[in-house]
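All the letters of the sequence shown, read from the start, carry residue numbers 321 to 623 under the numbering used here.
We put the CB at the ideal spot given by N, CA and C, even for glycine.
Note that the structure is a prediction, hence the values are computed from the model and not measured.
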Amino acid sequence: MPKDKMIPPNFYKNNLNFYPRFSERDLMGNELKEKSMNKRLGFLPNSLWKPNDSITKELKQIIGDTAQVRKTLNSSRSDRRSGVNGGKCSVFNPHLAQMILSAYCIPNANIFDAFGGGGTRGYISTRMGHKYTGIEIRGEEVDRIKQMFDKWGINFDILLGDSRNFKLDKKFDFSFTCPPYYDLEVYSKMDGDLSAYQTYEEYLNNLKKCIKTTYDCLKDNSLSIWVVGNFRNKKGELEHLNGDLIRIAKEVGFKLWDEIIWMGASNVALTRCGKFEVNRKCVRMHEYIIILKKYSEKQESKY
């Protein structure tokens, strides 16, 4: 399918957020002459990131992953454990994918994603000139993403497998992903699906295996970015997934390189503020972007 049938005219020209950080040309082949960090990245790289709603909306329409075609297994539950998106699968923000790649990824990178479901990160990575490989444990989700290739006019590697023990025959320059937030969204009952474990401890133990796979497949001095959010368990207690992920990643060998707060929640969430005086629980409007580094003392850092 011709590109102009999929993407609005001048879309890439009008959205600097698509520019890779170290590239001298944009996706249309135009030379970049901007000296401003803000204009090169499309945003200022501070520790608080917010999405551009118009870019997010436009990209979601292009990608077509609105979550309407996918539901979680706990979509019929009436309590808060029915998930974070009305029982439908949450969708990775495509503008966030742009921002991460613009700020942290080298040009023409080989990118690894331990949780490739959704297809958004694969789409954005490929459009920005990278080679993306995603691992996804659910066959129906792999098939759904592959069916989108003709519509998108691109393709990338989306491999059926279990990231806890998946073997790869090459090394990658970069990785970014978003794992299940334990059982907030239950995707399947398959062994190895992190959303299906009975206890949070089992979840973390198996998440650690996925982090180890990521660590092993990265080149030295590469960055690995994980988007996670803290959440409440069935007792209403707050689970600190952010801190737990950092802890187990350090046990694997990663170093904590940076941490960013992502203010990506819809303002619709604010309607729950009226319950504060009853439960004394603030409405959560943010997630965390965890930047990990596979550091080698023997090699000079690229960053």
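Asked: Under three-state DSSP, which class holds Asp578?; Found: strand
Asked: Hey, could you find the ends of the alpha helix (DSSP H) Thr533 is sitting in?; Found: Tyr520 to Cys537
Asked: I'd like to confirm the pairing. Which residues does DSSP put opposite Arg552 in its beta bridges?; Found: Leu558
Asked: So, under 8 Å CB-CB, Ala434 and Ser483 are touching, yes? Tell me the CB distance rounded to an integer number of Å.; Found: 4 Å
Asked: Whole angstroms is fine: what's the gap from Leu612's alpha carbon to Trp546's?; Found: 8 Å
Asked: I need the boundaries of the beta strand (DSSP E) containing Gly459, first residue and last residue.; Found: It is not in any beta strand (DSSP E) - Gly459 instead sits in the alpha helix (DSSP H) that spans Gly459 to Gln467.
Asked: If we ignore side chains and look at the alpha-carbon of each, how far apart do Gly437 and Gly454 end up?; Found: 8 Å
Asked: Kindly identify the DSSP beta-bridge partner or partners of Ser542.; Found: Lys614
Asked: Can you give me the Cβ contacts of Arg397 inside the same chain, cut-off strictly under 6 Å, excluding the 5 residues immediately before and after it?; Found: Summary for Arg397: the model assigns pLDDT 45, below 50, so the residue's position carries little reliability; its value from the coordinates is reported in the next sentence. Hits under 6 Å: none found.
Asked: I believe Leu538 touches Phe486 by the beta-carbon criterion, under 8 Å. Please report the beta-carbon distance rounded to the nearest angstrom.; Found: Contact flag wrong, Cβ pair sits at about 14 Å.
Asked: Looking at the structure shown, is Arg400 part of a helix, part of a strand, or coil, going by DSSP?; Found: Low per-residue confidence applies at Arg400: pLDDT is 43, beneath 50, and the placement is therefore not dependable, though the value from the model is reported in the following sentence. The answer is helix: DSSP assigns Arg400 an H, G or I state.
Asked: Would you mind sorting Phe574 into buried or exposed? The rule is 16 or more other CB atoms within 10 Å of its CB.; Found: buried
Asked: Using three-state DSSP, classify Val572 as helix, strand or coil.; Found: helix
Asked: Once you ignore the five residues that flank Val462 on each side, which residues in its own chain have a CB closer than 7 Å to its CB?; Found: Glu456, Ile478 and Leu480
Asked: Would you identify the three-state DSSP class for Arg604, choosing helix, strand or coil?; Found: coil
Asked: Rounded to whole angstroms, what's the CA-CA distance from Asp470 to Asn553? Just pull it up for me.; Found: 40 Å
Asked: Are there 16 or more other CB atoms within 10 angstroms of the CB of Tyr623, so buried, or fewer, so exposed?; Found: With a pLDDT of only 44 at Tyr623, under 50, the local geometry of the prediction cannot be trusted, and no value is derived from it.
Asked: Is Leu558 buried or exposed, if buried means 16 or more other CB atoms sit within 10 Å of its CB?; Found: exposed
Asked: Go to Ile478, then tell me how far its beta strand (DSSP E) extends in each direction, as first and last residue.; Found: Asp477 to Leu480
Asked: Could you say which of Leu514, Lys529 and Pro365 lies nearest to Ala423 if we only look at CA atoms?; Found: Pro365
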